[in-house]
Amino acid sequence: MNVEQLRPYQKKVNITVKALSKNEVREVTSKLDDSTHKVTEAVVGDETGTVLLTLWDDDIEKVEDGKTYDVENGYTSLFKNSLRLNIGRYGELKEGSKEVGEVNESNNLSAEEQQ
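Numbering (this note's numbering), first residue to last: 6 to 120.
Listed below in structure tokens is the structure:
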């Protein structure tokens with residue numbers, strides 16, 4: 006699968022992407038148990054486009070700009086009508102199994118309004 010094939014509410018997403026940048030880390034409080042978590046988004050992509058990858062807690066430190074990662078068993082969602090790639094509790098973020106070359110930054114799937 007590649008980035009331009011991502012659509013809202015997909016499950017079992019397996020994709021290899023290169024990290025381009027991370028946004029500022031924010032702290033949020035869980036509505037479930039009032040615990041505090043760190044969250045941010047990273048711009049990731051491949052030769053077909055880019056998307057925002059939501060990162061929570063320990064995953065934030067794993068991602069470095071310019072490195073390639075495999076997202077296994079991830080899923081997509083909409084946040085404020087913007088497409089997001091998520092790892093979730095059943096997904097995994099691992100070092101990339103193959104190299105991603107040039108990233109197509111002109112096709113930002115998270116910038117487009119999704120329905």
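The beta carbon of each residue, even a glycine, is placed where N, CA and C say it ideally should be. Note that the coordinates shown come from a computational prediction; the quantities given were computed from them, not determined experimentally.
Secondary structure of residue 92, DSSP reduced to three states: coil
Given 8 Å, three or more beta-carbon pairs between the segment 93–103 and the segment 47–54: As far as the Cβ criterion goes, the segment 93–103 does not touch the segment 47–54, which means the pair count is below three.
Among 70, 77, 42, 32, the one whose alpha carbon lies nearest that of residue 48: 70
Closer than 8 Å to chain D by CB, residue 27: Protein chain content of the structure displayed is limited to a single chain, and chain D is not contained in it.
Contact the segment 29–43 vs the segment 100–114: 3+ CB pairs below 8 Å: no
Where residue 66 falls: helix, strand or coil (DSSP): helix
Option nearest residue 109 by Cα separation, candidates 24, 80, 14, 85: 24
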